[in-house]
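**Student:**
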Amino acid sequence: MNEIICPHCHKAFTIDEAGYADILKQIRDKEFKKEIDEKLERAEEDKRNALKLAEAKFESESLKLVASKESEINELKSATAKSALDRTLAEADLKIKYENQIKDRDDQIERLKEMKLQLSTKMLGETLEQHCQIEFDRIRATAFPGAYFEKDNDASTGSKGDFIFRDADDAGNEIVSIMFEMKNEGDDTKTKKKNEDFFKELDKDRNEKGCEYAVLVSLLEPESELYNVGIVDVSHRFPKMYVVRPQFFIQMITLLRNAALNAMQYKAELAIARNQSVDITNFEQNLKSFQEGFSKNYALASSKFSEAIAAIDKSIDQLEKTKKALLGTDNNLRLANNKAQDLSIKKLTKGNPTMAKKFEDLANSIV
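Residue 48 is where the sequence shown starts when you use this note's numbering, and the numbers rise one by one after that.
1) Just tell me which of ARG253, ASP133, TYR195 and ALA215 has its CA closest to the CA of SER206.
2) Please determine, among ASN121, ILE363 and PHE210, the residue with the shortest C-alpha to C-alpha distance to PHE296.
3) If you draw a straight line from the C-alpha of THR174 to the C-alpha of LEU266, how long is it?
4) If we count the other Cβ atoms within 10 Å of its Cβ and call it buried at 16 or more, is VAL276 buried or exposed?
5) To the nearest angstrom, report how far apart VAL13 and LYS58 are at their CA atoms.
6) Going along the chain, which residues of its own chain have a beta-carbon closer than 6 Å to the beta-carbon of LYS169, five neighbours each way excluded?
7) For ILE278, which of helix, strand or coil comes out of DSSP?
8) Measure the CB-CB distance between ASN309 and GLU268 and report whether it falls below 8 Å.
9) Would you give the residue range spanned by the beta strand (DSSP E) that GLU182 belongs to?
10) Does the stretch 297-307 come close enough to the stretch 175-192 that 3 or more CB-CB pairs lie under 8 Å?
11) Using beta-carbon positions only, say whether ILE225 and MET311 come within less than 8 Å of one another.
12) Leaving out five residues before and five after CYS258 in sequence, what residues of the same chain have Cβ atoms less than 7 Å from its Cβ?
13) Do ALA97 and ILE149 have their C-beta atoms within less than 8 Å of each other?
14) Among the residues of its own chain, which have a CB less than 7 Å from the CB of ARG304, if the five just before and after it don't count?
15) At what residue ranges does the stretch 209-284 contain a whole run of the beta strand (DSSP E), taking only runs of 3 or more?
16) Can you tell which of ALA261, GLU270 and LEU249 has the C-alpha that lies nearest to the C-alpha of LYS239?
17) Given a cut-off of 8 Å, decide if LEU141 and PHE196 are closer than it, judged by their beta-carbon atoms.
18) Going by the beta-carbon positions, is the gap between VAL290 and LEU263 smaller than 8 Å?
19) Closest to LYS256 by CA distance: which of ASN220, ASP217, PRO293 and GLY208 is it?
20) Out of SER336, LYS116 and GLU122, state which residue places its alpha-carbon closest to the alpha-carbon of ASP133.
21) When you compare the CB positions of ALA137 and LEU112, do they come within less than 8 Å of one another, or not?
22) From this set, ASP217, PHE245 and SER203, which residue's C-alpha is nearest PHE191's C-alpha?
23) Need the endpoints of the beta strand (DSSP E) that LYS198 sits in, please.
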């Protein structure tokens with residue numbers, strides 16, 4: 048605990064290390080802003096002084112040059128055109144020279160203004176991590192409603208990043224994952240580190256946490272023309288790694304997520320095409336199996352059908368014979384019936400007097 052005396056009421060009060068560090072950071076950020084403002088004011092004053100000096104020098108040298116050229120004109124009347132051209136060229140050279148000096152001053156002022164803009168009032172008093180968390184939470188509900196963006200608190204492997212971003216589709220398939228590391232120049236005031244000092248550790252954290260991409264959000268090397276232009280791809284050093292300034296933090300997430308969505312769409316279309324090819328192959332195989340089975344069954348059925356037809360033909364032949372035999376029997380029965388109908392007592396007793404006498408006696412007894 049630290050004891051502090053209030054400069055207004057002169058009362059003493061104690062504060063813990065975290066609160067004390069926060070107060071120190073506020074004082075440091077306030078002094079840093081004051082220093083930036085003073086640098087801007089000095090740069091503007093230097094620009095005004097340089098401009099005045101350039102104008103005075105330009106006017107002085109122009110007067111000297113004019114006087115010199117006029118003297119030459121008086122001495123060399125025949126070289127008037129040439130002298131005028133020389134004076135114009137000389138004036139143009141001087142103008143270009145001092146315009147370049149003024150432009151250099153303007154560029155320096157713009158760089159300082161851009162740096163001040165990056166450390167806006169909103170960022171002062173908070174860490175770069177807090178700034179990125181707030182920026183993401185502002186658009187989470189509309190841009191990334193189902194995404195995971197939280198601090199990496201797992202140091203079981205010996206190190207950890209700052210934030211992990213993950214997003215998945217409705218089916219639970221991961222779309223993209225990003226390991227974030229945030230570095231502010233104020234994180235180390237004794238020695239000025241470079242962005243590349245953190246690449247190796249960031250790549251290690253990305254791999255250990257199973258993230259696809261690694262992104263360093265950095266305010267280091269504020270004068271670097273490379274890192275000030277926008278999103279910097281450093282995958283030639285470590286795969287799928289990028290360095291961005293804080294103002295490109297949300298754009299980086301959006302770009303990587305959209306690229307991953309397009310890749311998933313292509314993969315899905317490829318899978319559909321492959322499945323369709325498999326379906327066609329299965330259909331052809333099933334059709335071939337059906338055709339082979341049908342041919343086999345047809346051959347068996349045809350064989351049985353032929354056997355049945357042969358049996359039927361054989362039965363018909365047998366029935367024809369039976370029919371013919373029956374027809375022959377009927378004819379014999381008809382002839383026998385005719386013979387029976389033609390049979391009479393007279394014919395039976397013809398040539399048999401005994402039987403004739405018997406039948407006669409029988410007939411007389413009936414009467």
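Glycine included, every Cβ here is placed at the ideal spot set by N, Cα and C. Computed from a prediction, not measured in an experiment: that's the story for all the values here.
**Tutor:** So, from the data block:
1) For the purposes of this step, residue 206 is identified with residue 159 of the sequence shown, where counting begins at 1. Residue ARG253 is the option with its Cα nearest to SER206.
2) By 1-based counting over the sequence shown, the position of residue 296 is 249. Measuring from the Cα of PHE296, the nearest candidate turns out to be PHE210.
3) Against the sequence shown, residue 174 aligns to sequence position 127. Against the sequence shown, residue 266 aligns to sequence position 219. C-alpha separation (whole angstroms): 11 Å.
4) Within the sequence shown, the letter at position 229 stands for residue 276. Its Cβ having fewer than 16 others within 10 Å, VAL276 is exposed.
5) This structure cannot speak to residue 13, because the chain is shown only from 48 to 414.
6) The residue you call residue 169 lines up with position 122 of the sequence shown. Reliability fails at LYS169, whose pLDDT of 44 lies under 50, so the model's placement of it is uncertain and the value that follows must be treated cautiously. Answer for LYS169: no residue qualifies.
7) Walking along the sequence shown from the start, residue 278 turns up at place 231. ILE278 falls in the coil class under three-state DSSP.
8) As a first step, residue 309 must be located in the sequence shown, where it is residue number 262. As a first step, residue 268 must be located in the sequence shown, where it is residue number 221. With contacts defined as CB atoms closer than 8 Å, ASN309 and GLU268 fail to qualify as a contacting pair.
9) By one-based count along the sequence shown, residue 182 stands at place 135. For GLU182, there is no enclosing beta strand (DSSP E); the enclosing alpha helix (DSSP H) covers residues 175-190.
10) yes
11) The count along the sequence shown starts at 1 and reaches residue 225 at position 178. The count along the sequence shown starts at 1 and reaches residue 311 at position 264. Taking 8 Å as the Cβ cut-off, ILE225 and MET311 do not qualify as a contacting pair.
12) For the purposes of this step, residue 258 is taken as the residue at position 211 of the sequence shown. These residues qualify, in order along the chain: ILE211, SER224, ILE225 and MET226.
13) To locate residue 97, count along the sequence shown from 1; it is residue 50. To locate residue 149, count along the sequence shown from 1; it is residue 102. Contact flag set, yes.
14) Here residue 304 refers to the residue found at position 257 when the sequence shown is read from its first residue. Closer than 7 Å at Cβ, skipping near neighbours: ASP214, ILE222 and VAL223.
15) 210-215, 221-230 and 260-265
16) Reading the sequence shown from its first residue, position 192 is the one you call residue 239. Considering only alpha carbons, the answer is GLU270.
17) Counting from 1 along the sequence shown, the entry for residue 196 is found at position 149. Counting from 1 along the sequence shown, the entry for residue 141 is found at position 94. Their beta carbons are not under 8 Å apart, which means PHE196 does not touch LEU141 by this criterion.
18) Against the sequence shown, residue 290 aligns to sequence position 243. Against the sequence shown, residue 263 aligns to sequence position 216. Result yes, Cβ atoms of VAL290 and LEU263 sit closer than 8 Å.
19) Here residue 256 refers to the residue found at position 209 when the sequence shown is read from its first residue. For LYS256, the nearest C-alpha among the options comes from GLY208.
20) Here residue 133 is taken as the residue at index 86 of the sequence shown, counted from 1. When each option's Cα is compared against that of ASP133, the closest is LYS116.
21) Within the sequence shown, numbered from 1, the residue matching residue 137 stands at position 90. Within the sequence shown, numbered from 1, the residue matching residue 112 stands at position 65. Contact flag set, yes.
22) One-based indexing of the sequence shown puts residue 191 at position 144. With distances taken between Cα atoms, PHE191 lies closest to ASP217.
23) Looking up residue 198 in the sequence shown gives position 151. That run of the beta strand (DSSP E) goes 195-198.
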